[in-house]
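This report refers to the structure that appears directly beneath it.
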Amino acid sequence: MYKLNWSGKWLKIKGKYEVIFKMKIASVLPLKGELQEKLAKMTGAKVVTEASVAELAQAEIILGWDEKVSEVLSGENKIKWLQAWSAGVDNFPLAELAQKEIYLTTASGANAPGIAQQVLGYLLNFARKLHVSYDLQRAHQWEIPAGIMELTERKLLIVGTGSIGQSLAQLAQAFGMKVYGVNTYGHHVMNFNDCYAITELETVLPEADFVVNALPLTPHTKHTFSKHQFSAMSDKAYYISVGRGQTTDTSALETALKEGMIAGAALDVFEEEPLSKDSTLWDLPNILITAHTAGQTNFYAERIIDSFLLNFQYYQQGLAPAKNLVNYDLGY
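If you count the sequence shown from 1, position 221 lands on 222 in the working numbering, and the numbers rise without skipping.
Set out below in structure tokens:
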């Protein structure tokens, strides 16, 4: 006995069943041949990459986001699910997607290991004074920098305990650090010694040796770190920002660095990108700047596809995706 198949509709013709429709998955980005084949094999769908507007309009599921998808969304389409190619979705029309009841899943976690490793690099740089040694090398000076320390037993406060925060916490624990987290309600998360609610942020900031901002951008997180937060930090503490640039008040951070309110900072994300050549941040002596490189990884596409295929198992049963599904009320 034949049944309706999730990859197509079946029609009985002269006693036989034949496929008359096949689900379409369209990617706005190019995919490696093996990934495209994997998608087609595991979903039973027709997979199109670097899709045109016409192809996107016929797709039930779209991978990625660009102006073509935005155009298609405003007209007649068959879209039921958007798989973002980014962890953040602050540039998506969330209200419109919610109104149209379109699922939106993020790429959260795909670049978390790489970001965590880069943050660990920042921590080691500041703890071992590698940036100072580099300057001494360029000056041909044989000198031991003052204040070299181990990460062992240093207190790391991670604001944002999502996939990035969890990956970093695991690495930091391996270095013997005391790891604390801040999230919306203060719920406990694995690999953290303790967690606090965001309303307690200014209470826990003074105790931290390193503060890592891994927050997403939502209407509630803009300028989470501003004058009061930097004032609450120890003047021996370092601030590291790898979430979204708009969660940091750049002017307040610059003042904190210039006035010695904090020991230094490592910034990978900024309120405006690229960072202007005229920005005074470039020339501050106690800052490390990277050009939004923390998320770069050679495993990105593979991890997104694996996450998508996990969710597809739920979707083909008529259920909502289980992993990285955006809560439109929260904005992430």
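A virtual CB, placed ideally from N, CA and C, is assigned to each residue, including glycine.
- In this structure, the CA atom of Gln84 is about 10 Å from the CA atom of Val327.
- Around Leu268, the same chain offers Ser242, Ile290 as residues with beta carbons nearer than 6 Å, after the five sequence neighbours per side are excluded.
- Residue environment analysis places Glu56 among the buried positions, since at least 16 neighbouring C-beta atoms fall within 10 angstroms of its C-beta.
- Counting along the chain, the unbroken beta strand (DSSP E) around Val180 starts and ends at 179–184.
- In this structure Arg245 touches Asp91 by the C-beta definition: roughly 7 Å separates them, less than 8 Å.
- For the pair of segments examined, the region 190–206 was found not to touch the region 246–261: the number of CB pairs separated by less than 8 Å stays below three.
- Taking one beta carbon from each stretch, the region 272–289 and the region 110–121 have fewer than 3 pairs nearer than 8 Å; the two do not touch.
- Closest in alpha carbon position to Phe127, among Ala292, Tyr240, Thr298, is Tyr240.
- In summary, Val54 is exposed, with fewer than 16 beta-carbon neighbours lying within 10 Å of its beta-carbon over all protein chains present.
- The beta carbon of Asn214 sits closer than 8 Å to the beta carbons of Val160, Gly161, Thr225, Phe226, Tyr240, Ile241, Ser242, Val243, Gly244, Thr248, Thr249 from its chain, once the five residues preceding and following it are set aside; these are given in chain order.
- Counting of Cβ neighbours within 10 angstroms places Ala52 among the buried residues, the total reaching 16 or more.
- Here the C-alpha atom of Ile103 lies approximately 30 Å from the C-alpha atom of Phe271.
- Apart from the 5 residues on each side of it in sequence, Asp236 sits with its Cβ closer than 7 Å to the Cβ of Gly261, Met262, Ile263, Ala264 in its chain, given in chain order.
- Leu282 and Leu331 have their alpha carbons spaced roughly 32 Å apart.
- Rounded to the nearest angstrom, the gap between the Cα atoms of Leu137 and Ile149 is 14 Å.
- In this structure, DSSP gives Phe211 an extended state, which the three-state scheme calls strand.
- In the assembly as shown, Leu311 is an exposed residue. Its beta-carbon has fewer than 16 other beta-carbons within 10 Å.
- Per DSSP, reduced to three states, the secondary structure at Phe313 is helical.
- If you draw a straight line from the Cα of Tyr316 to the Cα of Ile62, it comes to about 11 Å.
- Around His293, the same chain offers Asp269, Val270, Glu274 as residues with beta carbons nearer than 7 Å, after the five sequence neighbours per side are excluded.
- Contiguous beta strand (DSSP E) elements confined to the region 238–270 occur at 239–242, 265–268, taking only those with 3 or more residues.
- DSSP links Trp82 through a beta bridge to Ile62, Tyr104.
- Distance from the CA of Ser164 to the CA of Leu216, rounded to the nearest whole angstrom, comes to 11 Å.
- Looking at the backbone, the Cα of Val180 and that of Ala41 are separated by about 42 Å.
- Between Met191 and Leu152, the C-beta spacing is not below 8 Å.
- Here Asp236 carries a coil assignment [DSSP, helix/strand/coil].
- Taking the Cα of Pro94 as reference, the smallest distance to any Cα among Glu201, Ile116, Val70, Gly34 is reached at Val70.
- Taking 8 Å as the cut-off, the beta carbon of Ile116 is found closer than this to the beta carbon of Ala295.
- For Tyr123, the enclosing alpha helix (DSSP H) has its first and last residue at 113–128.
- When secondary structure is reduced to three states using DSSP, Ile159 falls in the strand class.
- The bridge partners DSSP lists for Tyr333 come to none.
- Per DSSP, the unbroken beta strand (DSSP E) holding Val48 starts and ends at 47–49.
- Annotation for Asp195: the continuous beta strand (DSSP E) segment containing it runs 195–198.
- Per DSSP, reduced to three states, the secondary structure at Ile145 is coil, with no helix or strand assignment.
- Bridge partners of Ala27 according to DSSP: Val49, Ile63.
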